[in-house]
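In what follows, a structure is listed as structure tokens, so that the remarks can point back to it.
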Amino acid sequence: MTQPHRIILLAHGSSDQRWCETFEQLAAPTLKSVENAAIAYMELAEPSLETIVSQGKADGTEHFTVVPLFLAAGRHLRKDVPAMIADLESQHGVQIKLAPPIGQNPQLGDAIRDVVLQELEISGS
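Read left to right, the sequence shown gives residues 1 to 125 (full-length UniProt numbering).
So, in structure tokens, the structure goes:
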């Protein structure tokens, strides 16, 4: 069955499974709400970006959007990830859009504020 589009939530990755579990919990509401969404890791963990794109292509997906779960666009998002995307597009014959890092969205700032206010309420400050 052809899938028209796939959203990939991209985290850095770690060899520490507890680190990965944190991002999997963070991604869970999106994965439950957005059809054909997946989490992938840039390095050090599976599924890798290459794995998810390869699986998507096998399922008939031609278009992907990578949403980086990064706070800012550092070297990885300016150089490494675009190079990975170019290689994957060439290798699999797909189109991959790289969205801005999640940290650039003002809604994340609001969410951080809400967590801080909740913590202050819990601690009685």
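In this text, a Cβ means the ideal position worked out from N, Cα and C, and glycines have one as well. From a predicted model like this one, the values you see are computed outputs, not experimental measurements.
Which of helix, strand or coil DSSP assigns to residue i
| i | result |
| --- | --- |
| Thr22 | helix |
| Leu44 | coil |
| Leu98 | strand |
Burial state of residue i (16 or more Cβ within 10 Å)
| i | result |
| --- | --- |
| Thr61 | buried |
| Arg18 | exposed |
| Arg75 | exposed |
| Ile112 | exposed |
| Gly13 | buried |
| Gly56 | buried |
Range covered by the alpha helix (DSSP H) that runs through residue i
| i | result |
| --- | --- |
| Lys57 | Leu49 to Ala58 |
| Arg113 | Pro106 to Ser123 |
Distance between residue j and residue i (C-alpha atoms, nearest Å)
| i | j | result |
| --- | --- | --- |
| Ile7 | Thr65 | 5 angstroms |
Limits of the beta strand (DSSP E) - the one that residue i falls within
| i | result |
| --- | --- |
| Pro68 | His63 to Pro68 |
### Query
Do the region 85 to 103 and the region 27 to 38 meet, that is, are 3 or more Cβ pairs less than 8 angstroms apart?
With the cut-off at 8 angstroms, the region 85 to 103 and the region 27 to 38 do not touch.
### Query
Taking one C-beta from the region 95 to 107 and one from the region 65 to 75 each time, how about it: are there three or more such pairs within less than 8 angstroms?
Cβ pair count under 8 angstroms is three or more, so yes.
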